[in-house]
Every structure is written in C-alpha cells, then in structure tokens.
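Worksheet: one structure, shown below.
2 protein chains.
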Amino acid sequence: MNRSTEHDAANQEAFERLTTANPVLTDVAPAIDVVPGMTKNTVLTSGPPLPWEAYEGGQRDAIIGGALFEGLAGNAEEAAEGFASGELKVDGCHDYGCVGSLAGIYTASMPVFVVRNETHGTVGYCNMYEGKSPKRLNYGVYDEDVREQLQFIGDKVAPTIGAATRALGGIPLKPIMSRALHMGDELHSRNTAASLLFARELMPAFLDLADVPRSDVRDTMEILTEDHYFFLRLSMAAAKAIADAAHGVENSSIVTAMCFSCAEFGIRVSGLGDEWIRGPHASVQAKLFDGHTEDEISWMGGESPITETVGLGGFAQAAAFPLQAYQGGDPQAMVDRNLKLYDITQGENPDFHIPFLKYRGTPTGIDVFKVVQTGILPMMDIGIAGKGGGQIGAGTVRAPMECFEAAVAKFGG
Amino acid sequence: MNRSTEHDAANQEAFERLTTANPVLTDVAPAIDVVPGMTKNTVLTSGPPLPWEAYEGGQRDAIIGGALFEGLAGNAEEAAEGFASGELKVDGCHDYGCVGSLAGIYTASMPVFVVRNETHGTVGYCNMYEGKSPKRLNYGVYDEDVREQLQFIGDKVAPTIGAATRALGGIPLKPIMSRALHMGDELHSRNTAASLLFARELMPAFLDLADVPRSDVRDTMEILTEDHYFFLRLSMAAAKAIADAAHGVENSSIVTAMCFSCAEFGIRVSGLGDEWIRGPHASVQAKLFDGHTEDEISWMGGESPITETVGLGGFAQAAAFPLQAYQGGDPQAMVDRNLKLYDITQGENPDFHIPFLKYRGTPTGIDVFKVVQTGILPMMDIGIAGKGGGQIGAGTVRAPMECFEAAVAKFGG
Numbered sequence: 002m003n004r005s006t007e008h009d010a011a012n013q014e015a016f017e018r019l020t021t022a023n024p025v026l027t028d029v030a031p032a033i034d035v036v037p038g039m040t041k042n043t044v045l046t047s048g049p050p051l052p053w054e055a056y057e058g059g060q061r062d063a064i065i066g067g068a069l070f071e072g073l074a075g076n077a078e079e080a081a082e083g084f085a086s087g088e089l090k091v092d093g094c095h096d097y098g099c100v101g102s103l104a105g106i107y108t109a110s111m112p113v114f115v116v117r118n119e120t121h122g123t124v125g126y127c128n129m130y131e132g133k134s135p136k137r138l139n140y141g142v143y144d145e146d147v148r149e150q151l152q153f154i155g156d157k158v159a160p161t162i163g164a165a166t167r168a169l170g171g172i173p174l175k176p177i178m179s180r181a182l183h184m185g186d187e188l189h190s191r192n193t194a195a196s197l198l199f200a201r202e203l204m205p206a207f208l209d210l211a212d213v214p215r216s217d218v219r220d221t222m223e224i225l226t227e228d229h230y231f232f233l234r235l236s237m238a239a240a241k242a243i244a245d246a247a248h249g250v251e252n253s254s255i256v257t258a259m260c261f262s263c264a265e266f267g268i269r270v271s272g273l274g275d276e277w278i279r280g281p282h283a284s285v286q287a288k289l290f291d292g293h294t295e296d297e298i299s300w301m302g303g304e305s306p307i308t309e310t311v312g313l314g315g316f317a318q319a320a321a322f323p324l325q326a327y328q329g330g331d332p333q334a335m336v337d338r339n340l341k342l343y344d345i346t347q348g349e350n351p352d353f354h355i356p357f358l359k360y361r362g363t364p365t366g367i368d369v370f371k372v373v374q375t376g377i378l379p380m381m382d383i384g385i386a387g388k389g390g391g392q393i394g395a396g397t398v399r400a401p402m403e404c405f406e407a408a409v410a411k412f413g414g
Numbered sequence: 002m003n004r005s006t007e008h009d010a011a012n013q014e015a016f017e018r019l020t021t022a023n024p025v026l027t028d029v030a031p032a033i034d035v036v037p038g039m040t041k042n043t044v045l046t047s048g049p050p051l052p053w054e055a056y057e058g059g060q061r062d063a064i065i066g067g068a069l070f071e072g073l074a075g076n077a078e079e080a081a082e083g084f085a086s087g088e089l090k091v092d093g094c095h096d097y098g099c100v101g102s103l104a105g106i107y108t109a110s111m112p113v114f115v116v117r118n119e120t121h122g123t124v125g126y127c128n129m130y131e132g133k134s135p136k137r138l139n140y141g142v143y144d145e146d147v148r149e150q151l152q153f154i155g156d157k158v159a160p161t162i163g164a165a166t167r168a169l170g171g172i173p174l175k176p177i178m179s180r181a182l183h184m185g186d187e188l189h190s191r192n193t194a195a196s197l198l199f200a201r202e203l204m205p206a207f208l209d210l211a212d213v214p215r216s217d218v219r220d221t222m223e224i225l226t227e228d229h230y231f232f233l234r235l236s237m238a239a240a241k242a243i244a245d246a247a248h249g250v251e252n253s254s255i256v257t258a259m260c261f262s263c264a265e266f267g268i269r270v271s272g273l274g275d276e277w278i279r280g281p282h283a284s285v286q287a288k289l290f291d292g293h294t295e296d297e298i299s300w301m302g303g304e305s306p307i308t309e310t311v312g313l314g315g316f317a318q319a320a321a322f323p324l325q326a327y328q329g330g331d332p333q334a335m336v337d338r339n340l341k342l343y344d345i346t347q348g349e350n351p352d353f354h355i356p357f358l359k360y361r362g363t364p365t366g367i368d369v370f371k372v373v374q375t376g377i378l379p380m381m382d383i384g385i386a387g388k389g390g391g392q393i394g395a396g397t398v399r400a401p402m403e404c405f406e407a408a409v410a411k412f413g414g
C-alpha cells in the first residue's frame, strides 16, 4: 500500500480546488424548480442509496413523512406501497447535488438554498432548517406540528430569504464562514455566529422588501437566530459545491463525500468515480439531552459530514470550544483531536483558520492513504437521533476504517 | 499588611453587588439631558481629574476639540483661555457617572447611552463609538472630518438607536455580554459578536421605525457592525453601572474603578471613598499598526478599564483568542495570564464564562490586598494612541503596583 507521486500531484490538484472554491448563495427556490433531475414523485434521503426495503426505523418514517407532506399518498401504508411498486421514487440526495441533514428528506415543493461555486461552476443545494423543536421530519418525525412547521418554512421563511438574496444579487458565503470560525463556530454543530452574520447580510434588504409582509420578515429574523443551527444548511450547501469541484481528479485519493444511511456509512473518493465505498456505521461518543439513554441512539442517515470533507466541523473543533457544553468533551481533548487530523489531510486551509492554533488553517482534504497509514479516523460533529424519532443529543463520531481500507484497495494499494 | 475578616465579609458583599447587577440600556440622549451635573460649558475627560494646566498632548488637544465641536470657542487659543479662566470647565467623566474611551470627551450635545442597573439603581453613561477611522476626537484629533463624523453620529446614529431602544422598552445587556464571551469577545478590545447581537436586538424595531428615515437605519446598521468596537461603549456603560453598585461598601478592598489620564493612573476602592488613589502610568505591551513605532506611543487618557474592573477585558482574555491578531500575544500566554488573575480576585463571575476554561466564571472583583500580596498586577486590553493623535495600535497594559500599595496603606495595611 504505497501512494505514488501520481497521487501526490492529483491530491494537490484536488486540494487546490477545495480551497479556491467560492460558494455564493444565489437563490432560494422549490427543489422541483432548481434541482436537476428532481421529479414530483421523488423523495431524496441521506446516505449511499439503498433499495426501498432496506430503509428502516426513523429514516423509513422520514421518507414516508416526506411523501405524506408532498401529498403523494393518503397515509403511511399507501406511501410504503408506492415506494415498493416504484410509483414513488426514493433516491440519494448526493446524486442530485443535494446534501441531507440527518434523514435529509427532500420533496418537490420543499425550498432549497442554491449555492453556486463561482470558481468552478459546481452547485450545491440544501433544504432549510426546520426550527429548534426536537420533533422534525429530518429526525424521523412527521405529524401535524411538523407539517405546519414545514409549511411555515415554505410559505414564509424561504420566500423572505429568497427575495432578500435576489435583491442583494447573491450572498458570498466564504467570508461569513471564515469570520464565524473566529467567533466560536465550527460550522457543523455550531453555527451561532454564522447565522447572525448571515442575518446581518440580509438586514439591509429586509428593510426594503416591498412585496413581503413585515410579519414574515420578523418571523424569519426569529428563526434565523433562535439557536445554533440555521446556517448549517448553508454551510452544507457550500461544502457540497466545494467538494464536488474536487471530485473526479484522476488518481486523487482525497475524500469528496462522507455520509450515512440507517444501514451503513459511505465515502466517495475524488479519483474513484461516483461509486460509494460502503462500510459499517461510525462509532459515536454522545452527550444526550436530559432523560435520554445510549440505547435510544438511532442511525437515520446524515450527510452533514460534507462539512468535515472540506475542513470544517470536527476538522475545526478547536475553533468552537463552546461545543463542549452541547456535545460533550474537554477543551484540551478538542485541541488534541483537531491537531491529529493534520496527519490525514492534504494541507491547511487558506481561508478557514483556528484562532487558538495561532490562526493555523484547518486540516483540509482527507487522504484515504493517510487514514489507513496512520490509523487516525476522520472525526465528525453530529446531532443524534433517538429511536422514537426526534433529536436526543449531540456528539462526535469517527468514520469506519473499512471504507478507507476499501478505497486504498481500489487504488491497488 | 493583613486583611481582616471585616475585609472578607465586605469584599463578599461588593462581589455580590458586582455579580447581581443587571445593566439595561434604557435610552440614548444628549448628555445635557440625562447626565447629572452636566452643563453647557463643561467638557468631561478621562482619568482622575487634573487642573487644566496639567492636561497635555493628545488629551489637551481632545479637550480643546470638544470645546470647538460644542461651539464653546472660536479657535484653540480661545478654548485654552476659556479653560484657564474657568469660563469653560474641564472635569473627570467618572464623577458624572460617565466613562471615557481614550481621552473620553463628553460635551453637552453629545449623545450618550443610558444604562441602568435594574438591581441596584445605579446608572452608567457612555458616549458613542466614532467609527473605524484612526482619526477620532477620543484619540486626540479634531478636524473637519472628525467634526462631520461626530455630527453624523449625533444626527443619524444616536436618534435611530434611541428610537429603537425606546420602542423595545429597553435592552438588557447582560444576556448579550454573556453570549458574546462564547463567541470570541472579551468586551473590551473585541466586541465583534456583541455588536452583532446588539444589532440583532434592534432589528425588529428597525423594521417598524416610522419616524426615522430608512437611510439612517441603513447607515446605523453599517456603523453597528463595521468593525470590532461598536459595543465597547455599551460594555463600558454597563460596567460603570455594575461597578458603581459595588462602591462604598465599608471596609471593602475591592477595586471599583481603574483609569488614567495623560499624567497618571488611578484607582478607586470600594471602602476608601471617592478619592482617586494615583500612581504612575501603566506598563504596556503593544502591537502597533504597520508603519508605527514604540516611541510614538502616547498616553491621552482611558477609562475603558472599567470593563476589567467587573471581570471582562483582560480578565476574560482566554475567551477571545482572535485578539492575538489585533493586539499581539500567544494563545497559551493569554490563557496563562488569565488564569493568574484568579489569584487577585474575590470570586468567579456567575454570568461571564470562558469556554476554553471549561466555562469557568471570569475572575471578578480585584482585591488590592491580593494584588500586593501576590505581586500580580491587573491586566487590561487597550487601544493605543500615537503622539500625533489617532490610533496606532493595541495591546495589553498592567496597572502600576503603587496604586495598590497606597490603597493597602490607607486601610492601615
């Protein structure tokens, strides 16, 4: 198992693409209008795609919930039959330029952020944060409350942000992301500053939006800044637009996507085509909300590790000491873990810096060879779902070694 | 030199007051309308008060600039004559409930933040940030540009924020300050997050201000968030309202103010009345802007160390690693210095926490006995003025031991 000089040059090319990408929010629109290949009867979900029958637990519930929300079926049984017969289609977000938070449900009418990488032309999409209720569709829950909240996002929040975004001629995201890393965010499990900075960008437009009711603007301001998560979806869409630019470099052993479904973890590698290299679930260290226990932890999908793929999240943990209160851990342990990730990455990010590490750039561009050689596994910050649905905590996970070993093997390593 | 148990109980009382104070911004208004004792021909400046003749350099220029801005004299010579004859009055900010940033010039028409400590009824005032130009009245410069900017603040920014503040029924500042410490601020030399959070509080009111031109709102949004300093004046006014609540506790050896003029440093101690205990200048470690040298460093006053007096600024430096880029220093040195300050303070702040120190409360309530016993001097983060006027850098300073030794002596120590 040896990397060749061909890998070195290819990985440097992939790294250059990862770090010169320039993600700009250009629009907010229903998925059907902007996501290539989206159809009215498609539901997108997180992770390397599985046959319908293989989706289980909260992820299955979430997919069915998506169908119900979209009016594709009258009840859960009808929806399940529709997916089984092929009348309704379930597919993986990534192949549509989308990335899913937790179960990551996209349906035709759901609004998505459109983030264009102005340097390379790649486009990433992400649907919108549902709000701070632990009951959310992307955490496997669908009921009247969840439906109303999704409707509120679609009817009020998305059009308001969309109108402001268009009025401003688009919003460059990298400056917001760079600054947020100096303000306690790592842009995966903590987006507090980025959400505020994003709200700040929108404010001048909000003052002038003639066609949007003032109450919608006020409601949108509220959800934008009510907790630590609103900007995550923009961070994810930006990361997808960045990572896709680095995909498809011949011989490159740099990871361009990491995600999971209810059944397995998967990675994509720049020089290994669009195939998902699959392995078992990640290992988790969790801090659960009061009243919850470890045996409730449930995998229902997640593609937010696209942020780690581009040098954020777990790869910027030492920028976000406040996370210890939310997902557990100790500041010095956060620093130590973050430092080790330099051993498995191609380089230091020129735009994403960690103040505590004397503004060292975040470790960026995971090399599957380095992971196997060092035994150091990529670390990700994630929200944790419970078996009954809903968020029950947060924590860090380590990607499974099997995926990286399999990738190395595919390079003939 | 021994502290008695009387000091212990008194210091605990002062500490309780420091930490239970609840500063709320209630208004923005011209100094003449709200500052007790302010008169039309008074100019307030930073530091233990001096006779007019003793003010020199940038501080003298700033006082004269204040008189010119207020129309109290036709030119600098007239102004100087006015102060010499007593026709114009110069006095210290602190005795009016005000605190001055750098030279700290207050005149009758200048708008001030009114911050009321709802727990104890004390009120702190601070005038407004002039903007990011290095040329500012409070840095000893007065010319047409400075005059126009002061006019802009008085005519546009202050009325807009005042109207929004009144519409909101006041803005509690402690929640903003507590959150900002988790977002890279220490609320003296870095107020980036606090300024954004404050703007966020104003925004709902901004949407509805019928009597304020939209362009004023837009201009105000801009200056609120253009750099790292806007909130400092609110942090200072809040700190003054907090510190004054802890002043006047019999036998308490807790510091309730630290400030300096062009000539000397001074402290007030809770149990030692309103007298300033004066000493030589602080010692400085500076990082100067490009093109400036150490021999340009000039003292022209400063009362922003009121923030350190209540457990912020240098006493919260380990919450603000991004400061290293601005004022120099090394993250580990920032942590080490911050930790030492626990040895000279009464307790840990219950509301101001440092994420990197596992959310330990900031060291709060400087005890003059502990300073003398340990030899550890209070550390302050400050902006640095140049001899020609204007800001030429930033850095940390240490208060002079002489003040603390003199205070201990006054207690019969």
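Those protein sequences? They're chains A and B, same order as listed.
Going by the working numbering, the first sequence wraps up at 414, each residue one higher than the last.
Going by the working numbering, the second sequence wraps up at 414, each residue one higher than the last.
Idealized CB from N, CA, C, for every residue including glycine.
Within the DSSP secondary-structure output, B/G362 pairs in a beta bridge with B/H354. Not a single CB atom of chain B sits nearer than 8 Å to the CB of A/G315. A distance below 8 Å separates the beta carbons of B/D344 and B/K371. Annotation: the continuous alpha helix (DSSP H) that includes B/C404 extends over 402–411. Among the residues facing chain A, B/Y126 is not included, as its CB has no counterpart in that chain under 8 Å away.
In the assembly as shown, B/G292 is an exposed residue. Its beta-carbon has fewer than 16 other beta-carbons within 10 Å.
Considered as a whole, the segment 73–109 of chain A harbours 90–93 as its complete beta strand (DSSP E) runs of no fewer than 3 residues, in chain order.
Any Cβ of chain A closer than 8 Å to the Cβ of B/K157 would place that residue at the interface, and such an atom is absent. Taking every protein chain shown into account, the CB of B/S134 has fewer than 16 other CB atoms within 10 angstroms, so this residue is exposed. Counting C-beta atoms within 10 angstroms of its own C-beta, B/N76 has fewer than 16 neighbours from the protein chains shown and is therefore classed as exposed.
The contact set of B/R219 on chain A, defined by CB atoms closer than 7 Å, consists of P205, L208 in chain order. Residue state for B/A165 is assigned as helix, using DSSP reduced to three classes. Proximity of B/A200 to chain A, defined by a Cβ-Cβ separation below 8 Å, is satisfied.
In this structure, the straight-line span from the alpha carbon of A/G303 to that of A/S179 is close to 24 Å. Within the same chain, Cβ atoms closer than 6 Å to the Cβ of B/Q318 are found at E187, M335, N339, the five residues on either side in sequence being excluded. Taking the C-beta atoms as reference points, A/V100 is found nearer than 8 Å to A/G125. For A/K359, the residues of chain B that pass the 8 Å Cβ criterion are Q325, D331, P332, in the order they occur in the chain.
Taking the Cα positions, B/A240 is about 16 Å away from B/Y130. In the displayed model, A/A211 falls within coil according to three-state DSSP, outside both helix and strand. A check of alpha carbon separations from A/T397 across A/V285, A/G141, A/G171, A/A206 identifies A/V285 as the nearest. With respect to the 8 Å criterion, A/N118 and A/N12 are not classified as neighbours on the basis of their beta carbons. Counting only residues of its own chain and dropping the five nearest sequence neighbours on each side, A/A168 has a CB closer than 8 Å to the CB of A206, D209, L210.
Cα atoms of A/P37 and A/A246: separation of roughly 17 Å, rounded to the nearest angstrom. Going by DSSP, B/S236 is part of the alpha helix (DSSP H) stretching over 233–246. DSSP, read as helix, strand or coil, puts B/F266 in strand.
Between A/M39 and A/A30, the C-beta gap is not smaller than 8 Å, which leaves the two residues out of contact. At a Cβ-Cβ threshold of 8 Å, B/V44 and B/A81 do not count as neighbours.
For B/A195, none of the residues of chain A pass the 8 Å Cβ criterion, the least Cβ distance being about 11 Å. For A/T226, the chain B residues whose Cβ falls inside 7 Å of its Cβ are R201, in order along the chain. Taking 8 Å as the cut-off, the beta carbon of B/G362 is found no closer than this to the beta carbon of B/I255. One finds G185, A321, F322, P323, L324, Q325, A326, P332 in chain B with Cβ atoms closer than 9 Å to the Cβ of A/P356, taken in chain order. In this structure, A/A326 sits away from B/Y107, with a CB-CB distance that is not shorter than 8 Å.
For A/L273, there is no enclosing alpha helix (DSSP H), since its DSSP letter is neither H nor E. Residue contact check for B/R338 against chain A: no CB pair falls below 8 Å.
By the neighbour-count criterion, in which a residue is buried when 16 or more other Cβ atoms sit within 10 angstroms of its Cβ, B/Q333 is exposed.
Spatial neighbours of B/W53 in its own chain (CB-CB distance under 7 Å, excluding positions within 5 residues in sequence) are listed in chain order as F84, A85, V91.
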